[in-house]
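For the sequence shown, UniProt numbering gives the first residue as 1, with consecutive numbering after it.
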Amino acid sequence: MEEDGQRTGAQSRVASASAAQIFDDEEGRESEETLPTALPSALNMCWSFGLNKSVPVINLSEGNKKVIFYATAHTGILYDFEHNKQRLLQGHCNPITCICASEDKRWIATADSGVNSMVIIWDSFTGIPVQTIFDAHESGCITIGMTPDAKYITTISSTLPQVVSVWDWTSNGDIPLCSATLDGDFGMQTFIIFNPDDTTQLVSNSPSQVIFYSLVDDKLEYVAPPLTDKDFNRSVGSYSQSVFQYQSTRALTATSCGNIVVWEHTGKDLPCNRKAFKIVKLQDKAITVLTTIEKYIVTGDISGHVRFLDQQLRLSNWYKHFDAGAVESVSFSFAKPPPPRTNAKNIALAASSTLDAAPFVVNDFVIGTTSANVVFFSPSTNSLQWVRKEHDMPVHAIACHPSQPQICIGGYNGDIQLWDYEDKKLIMSRKFNKLLVNCVTFNSTGDLLALGFTNGEVRIIDAVTLRDEGSDDSVAIFNHCHDSVTHIQFSHNSQYLATADLDRCVTLFKNQPDDDKEPWVYIGKQRAHYKTIQDIQFGIELDSDIPRLLSLGQDRVLVEYDLMNSRTDDVQLLSSERIEQSAVPQCFTWYPPIIKENFLVVANDQFKLKLYNSTTKMCRKTLLGPTYGTALQRIIVLPAYEDRENRFMTYITMDKIGVQMLPLDGNPHKSMALIAHPDGVSNLCSSYDGKYVFTAGGDDLSVLMWQVNPDALEAAARLGGEDLIPFYGLLEGGREGELFAELEDYFYYAQIRDQSVDTTETRQASTKVPLSQVPYIARALGFYPSEQEVEDMINEVKFSNYVETGKYVTHIDLGEFIKLYVNHRPAFGLSPADLHEAFTKLGVAGDLGFEIDRDELLTMLQSKGEHMTEGELAECMSTLMGEGDLGGSAETGTYDASDAGELLRAHLPEKFTAESFAAHVIGFSLEEGE
């Protein structure tokens, strides 16, 4: 059911997104009739920076229409580079691994690899998906091909042993027409293509093996002809791509040694029976691309050259002036160009490089390179146009200008690019040689950029010119960090700059506005954490303009630094507080001033959002956070909208981006998320006005731009219900379920317990119970909080109205308890895996699995974590095991601690495994998953 829901949602997003961004007239104008009146979701992808350099670029240009198609992460991009417009084809849940198109470029097929993989066939004129093949292969596709007339497509699975399937997608998208399983010794087949003259024939290749296929009576027969260096007494090389020769029985394969292997039909049985006829040495450089266009055979190589050969493999023409990097793909437009015109002297503008110098007429073509560049070239006019210049290495560094529609993008290739994200134009770029940009930030006025590099270097540069800040003799370059800089941030007044690195140090720099030669100086660094630093944030002191600096680490410690009293090589600390007991904090930020108290909001790996008083560091509230696969990795409060009362927060998980409506209360309908980068989201930033958010995909080389639509999230929250209705849905069975009925009984029994079980006095019925009864009700419901968690729960209610009234809250009603319970209990309950993990870490491998000695277990319970006395331990064990003679009862609150230790040892086995501990002490079976 969950998979079906994901697929349905994906398909609906596809239809809405494509309809919203249609451009199909030659002038590139958007059709007003197809524009929707409102954005369909709270987050809507509206632009993509970057492309997947491993996937071919397809040229869809025709006449005045200049369009290419390429992949970015899990999205297909139809890019009109004449008018700088993108149409985003969304529907995949995994990164797109391969694409192909029909000969007339009307139909495009995209395929991905991973769980819930899909093959989607699109109408390139409208951007509408016309067919979806779910789970074409168990793990997705590694390559795909389409017949020239678009009737059939072929796919190859992405895992060994590979399965090759042919699909008649126009009539049946559920079952392949035929399939064949390949021998694992053939290697990973990475390329496949149909014979354009006979679509019953196909050829594929891995780096080590070429395979020929024939469709015979709805069966796929194949032959893998052998070829070694000894056969022709020369090195063959690794295979790259294969094609069928135009109107011939031959097939060709390009290799890494600059060779073309010519395959000829043996004349026996099936057309797929072929053998190597000869090897033609074309060049020394590796050939990476082999394709055809009418009577020409086209090659592209690692030097960035494109060559045109005739049918006898003789050179007709070549282009080597692109300087765009190693060729990854070459794609031609469909419309045949007019014959070349002559100039006033009647000299032909283009001629082949042959003795007769015949006119060289070929379609316009697009080159995609391994450097993530895309070049459009028109042979008829000999004109070259750069279409895309993107990052060809991981992108982690992104930051938005504080007052202008600009975003800075930095990558591991050393490039930083400054873009105008409204006009979608590159403003400025700069390359840092041999430096990998890992993080970037603007100062509050937007005139400075601070860069952190993977080698620990920190630079402050001018945000307009992208030149180093300072004079020629003293630029702002610092080398005080010994490891990669992971976080970098200016204070609100640009007086300080702070960084965090993988060496677990926070480094501080200070501005000297009156010193032109040394505008920034190094103050010092402090290693206040013993584990990785998760986040750093600047803030402002209450009722002042003094900056504050805090850092949060995996060691669960929140550290505040004393900026005012820090001196050179002496960074002082104001406080160091352990804020979590078992959860690991992931990120934090300042809670907006929508309430009277000043809070920090911290997200941890147990799907909780916690509010801490920024002064006392007391946990004031615990809330259920978004539960979309993984914990939150980064959170940003969006700037306030002028005409809105509600505030919003955006966040990222491992692969998703989402929006959360504030104030935080645990209502699941106030948040949403969708897949941003299937291979992982590495960073997040927001525009200065909160209208857009940007995500960096790290290894997928892309940055995606999302438009925020608060109306959609507000509508979803209203549809989810008001008051307690959303929280009833978080209880198993809802308002009418058994859990709620039990809760009502426990709530009433808590009143009896508070008034003494044995009393004979008239009882006072009430809708509230004292806070002291909260832990007992929670444990009765199956939530077993630690003493620290109990204290947090009680403090949350106790101080809930203190700022407004100056008084403590001493009682809680049923509705408030339901909210408290669903927000504090584990997001996904307790599982057998948790118990097994504990025994794995604490126990010793034995015959029955990991075992813990009884005495060692009792010692740990009394000395580690929240310490227990022997009497308290006996009380707990007596309640769990139902052994009254262990010392007492948790219900009556009485126990005898005199001989607790001996009694415990008498009733407990000498060794525990996870299974025996669950069965004899806790009282449930691991097999049942209780």
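We treat Cβ as the ideally placed atom computed from N, Cα and C, and that holds for glycine.
In this chain, the alpha helix (DSSP H) harbouring K798 covers 787 to 798. Taken through DSSP and simplified to helix, strand or coil, N479 comes out as coil. Only exposed fits E744, as fewer than 16 other CB atoms lie within 10 angstroms of its CB.
Restricting attention to F453, T445, R430, D447, the CA atom closest to the CA of V437 is found in F453. Contact check for C587 against A603 passes: the beta carbons are separated by less than 8 Å.
Rounded to the nearest angstrom, the gap between the Cα atoms of T190 and A827 is 42 Å. DSSP links T879 through a beta bridge to no other residue.
Within the model, the alpha-carbon separation for S494 versus V681 is close to 28 Å. With a beta-carbon spacing of about 7 Å, V261 and V236 fall inside the 8 Å limit used to define contacts.
Here N565 is exposed. Its C-beta has fewer than 16 other C-beta atoms within 10 Å. Your pair Y496 and L563 checks out as a contact, with CB atoms roughly 6 Å apart and the cut at 8 Å. For P394, no beta strand (DSSP E) encloses it, and the DSSP letter there is neither H nor E. In the structure shown, P770 falls within a strand segment according to DSSP collapsed to helix, strand and coil. Counting the other Cβ atoms within 10 Å of the Cβ of P585 gives 16 or more, which makes it buried. Sequence-distant Cβ neighbours of K285 in its own chain, meaning closer than 8 Å and more than five residues away, are G258, D301, I302, S303, H305. Minimum Cα-Cα distance from E866 among the listed residues V790, K268, A833, V844 corresponds to V790.
Within the DSSP secondary-structure output, E264 pairs in a beta bridge with K275. Straight-line spacing of the CA atoms in P402 and T441 works out to 10 Å. Checking the DSSP bridge columns, you'll see W318 partnered with R307. Exclusion of the five residues before and after T181 leaves P161, V163 as the residues of its chain whose Cβ lies within less than 6 Å of its Cβ. Around the beta carbon of E422, fewer than 16 other beta carbons lie within 10 angstroms, which makes this residue exposed.
Closest in alpha carbon position to G50, among G829, F244, G698, is G698.
In the structure shown, G140 falls within a strand segment according to DSSP collapsed to helix, strand and coil. Among the bridge pairs identified by DSSP, G658 is matched with Y651, A673. DSSP links I725 through a beta bridge to no other residue. E577 and Q606 have their C-alpha atoms some 19 Å from each other. For Q862, the enclosing alpha helix (DSSP H) stretches over residues 854 to 863. A distance below 6 Å between beta-carbons, with the five flanking residues on each side excluded, links V366 to the following residues of its chain, in chain order: V57, N59, I68, S331, F376. In the DSSP annotation of this structure, the continuous segment of the alpha helix (DSSP H) that includes I818 starts and ends at 814 to 824. Using a C-beta cut-off of 8 Å, the segment 717 to 726 makes no contact with the segment 678 to 696, since fewer than three inter-stretch Cβ pairs fall below that distance. Taking 8 Å as the cut-off, the beta carbon of I427 is found no closer than this to the beta carbon of I409.
The DSSP-derived three-state label of R779 is helix. In this structure, K911 lies near R854, with their beta-carbon atoms less than 8 Å apart. Residue E390 holds the alpha-carbon nearest to the alpha-carbon of V703 among E390, I128, S157.
Beta-bridge annotation (DSSP): P585 is paired with N604. In the assembly as shown, Y802 is an exposed residue. Its beta-carbon has fewer than 16 other beta-carbons within 10 Å.
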